[in-house]
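S.K.: To start, I am sharing the structure in question, which I have written as structure tokens.
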Amino acid sequence: MTLGYMEAYKLEEGIKVKKQLKLRWIKDSELDLVYEFILKSYSLLENKETFLLQSKEDTFKPYYKGGEILGLFDEDENLVAQRYIVFLDCYNSDLMDDINLPLEERKGIIYLKSILVDRNYTGNKLQYRTFEVLRKLMNEKNYYKYISTISPYNLFSIENALRGGLKIRGLEKKYPDEKEPQGYWRYINYLDEKSNLKMENINLEVNRLDIEKQRELISQGFIGKGLTEDKTSVIYDRVV
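Residue numbers (UniProt numbering): 1 to 240.
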């Protein structure tokens, strides 16, 4: 079932061409298509550490336990973006422990597992726009909480997450593999739409690549709430 449409511009031979894109949930029969899209997108990443590439089986294990994938398709039914979510009530995650989330808040949380966009559609704010659509769809099901992980080196995704209302609540090493047995640094971002956080407006600016300073501030109760104008630093504040 079609969930809606959005206009975007595709770069074709150096020219931006207007396209109408269709939103719908991915079917089980289309998971191979999604994985091919993931592999293609990953192959084009300049910094491979910014995305966790898993085997097909591991990629879709959360999907079968309690996930959905929102697909964005062009007029020819080509997949141009995918937003993968997991309902944490159905799939355990240690992310809530990483940000010391109180037990009473650990219900009804949606894990934003991944978002990938065809690079020919870069500049259309599709990460942010698909999140806005997702929020509306989830609100109708009484879901208002979101959690995600983003590499400090992935400026584009950090910017979109903060713009969407998620705040940086943790910075931990995640997703160990043979190359990095301890894992890779990831921001842990959280949003509760029904929470009314009041900040002290201290506004400490820390370079987003200064891992230790950010971890120190987070341990003191600071939350990353935005980026500086030049986007090199995260603005940290503390909840009143």
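Using N, Cα and C, we set each Cβ at its ideal position, and we do this for glycine too.
Assuming contact is defined by CB atoms lying nearer than 8 angstroms, are Ile-147 and Tyr-111 in contact in what I supplied?
M.R.: Within the sequence shown, numbered from 1, the residue matching residue 147 stands at position 147. Within the sequence shown, numbered from 1, the residue matching residue 111 stands at position 111. Yes; because the gap between Cβ atoms is below 8 angstroms, this pair is in contact.
S.K.: With H, G and I counted as helix, E and B as strand and the rest as coil, what does DSSP make of residue 242?
M.R.: Summary: the structure shown does not reach residue 242, with the chain confined to residues 1 through 240, and so no result is reported for it.
S.K.: Relative to the C-alpha of Gly-14, which candidate in Gln-54, Pro-102, Asn-120 and Met-199 has its C-alpha closest?
M.R.: Your numbering for residue 14 matches position 14 in the sequence shown. Cα-wise, what sits closest to Gly-14 is Asn-120.
S.K.: Would the beta-carbon of residue 241 fall within 8 angstroms of that of Leu-217?
M.R.: The chain is shown from 1 up to 240; residue 241 falls before or after that span and cannot be answered.
S.K.: Which residues bound the alpha helix (DSSP H) around Thr-2?
M.R.: Reading the sequence shown from its first residue, position 2 is the one you call residue 2. Unbroken run through Thr-2 is the beta strand (DSSP E), 2–12; no alpha helix (DSSP H).
S.K.: Please state the DSSP three-state secondary structure of Ser-195.
M.R.: Numbered from 1 along the sequence shown, position 195 holds the residue referred to as residue 195. Looking at Ser-195 - three-state DSSP - the assignment turns out to be coil, as it is neither helix nor strand.
S.K.: Checking 8 angstroms against the spacing of the C-beta atoms, do Ile-99 and Gly-170 come in under that value?
M.R.: By 1-based counting over the sequence shown, the position of residue 99 is 99. By 1-based counting over the sequence shown, the position of residue 170 is 170. Closer than 8 angstroms, so yes.
S.K.: Using a Cβ-Cβ cut-off of 6 angstroms (strictly less than) and excluding sequence neighbours within five positions of Phe-222, which residues of its own chain qualify?
M.R.: The sequence position of residue 222 within the sequence shown is 222, counting from 1. Answer for Phe-222: Tyr-236 and Arg-238, listed in chain order.
S.K.: Ignoring anything shorter than 3 residues or poking outside the segment 30–97, list the beta strand (DSSP E) runs there in chain order.
M.R.: You should have 67–73 and 79–87.
S.K.: By Cβ distance below 7 angstroms, which residues in the same chain neighbour Ser-93 in space, the five residues on each side in sequence not counted?
M.R.: In the sequence shown, residue 93 corresponds to position 93, counting from 1. Counting only Cβ-Cβ distances below 7 angstroms, and skipping sequence neighbours, we find Tyr-111.
S.K.: Three or more beta-carbon pairs under 8 angstroms between the segment 30–41 and the segment 147–161, yes or no?
M.R.: No, they do not touch.
S.K.: Mapping the DSSP letters down to three states, classify Thr-149 as helix, strand or coil.
M.R.: The count along the sequence shown starts at 1 and reaches residue 149 at position 149. Note: Thr-149 maps to strand in three-state DSSP.
S.K.: Measuring only the C-alpha atoms, how far is Glu-77 from Gly-71?
M.R.: Taking the sequence shown and counting its residues from 1, one reaches residue 77 at position 77. Taking the sequence shown and counting its residues from 1, one reaches residue 71 at position 71. Straight-line Cα distance between these residues: approximately 10 angstroms.
S.K.: Quick check: what's the CA-CA separation for Arg-208 versus Lys-167?
M.R.: The sequence position of residue 208 within the sequence shown is 208, counting from 1. The sequence position of residue 167 within the sequence shown is 167, counting from 1. Computed Cα separation, rounded: 14 angstroms.
S.K.: Could you spell out where the beta strand (DSSP E) holding Ile-110 opens and where it closes?
M.R.: Position 110 of the sequence shown, counted from the first residue, corresponds to residue 110. Ile-110 -> beta strand (DSSP E) spans 109–117.
S.K.: Can you list the beta strand (DSSP E) stretches of 3 or more residues lying completely in the segment 157–213, in chain order?
M.R.: The qualifying runs are 167–174, 184–192 and 204–207.
S.K.: Quick check on Tyr-64: buried or exposed, where buried means 16 or more other Cβ atoms within 10 Å of its Cβ?
M.R.: Position 64 of the sequence shown, counting from 1, holds the residue named residue 64. Exposed: under 16 other Cβ atoms inside 10 Å.
S.K.: Hey, could you find the ends of the beta strand (DSSP E) Gly-226 is sitting in?
M.R.: By one-based count along the sequence shown, residue 226 stands at place 226. Gly-226 -> beta strand (DSSP E) spans 222–227.
S.K.: Spatial neighbours of Lys-198 within its chain, please: CB distance less than 8 angstroms, with the 5 preceding and 5 following residues excluded, ordered by chain position.
M.R.: Taking the first residue of the sequence shown as 1, we reach residue 198 at position 198. The answer, listed in chain order, is Val-239 and Val-240.
S.K.: Under 8 angstroms between the Cβ atoms of Tyr-9 and Gln-20?
M.R.: Mapped onto the sequence shown, residue 9 falls at position 9. Mapped onto the sequence shown, residue 20 falls at position 20. In this structure, Gln-20 does not lie closer than 8 angstroms to Tyr-9 by Cβ.
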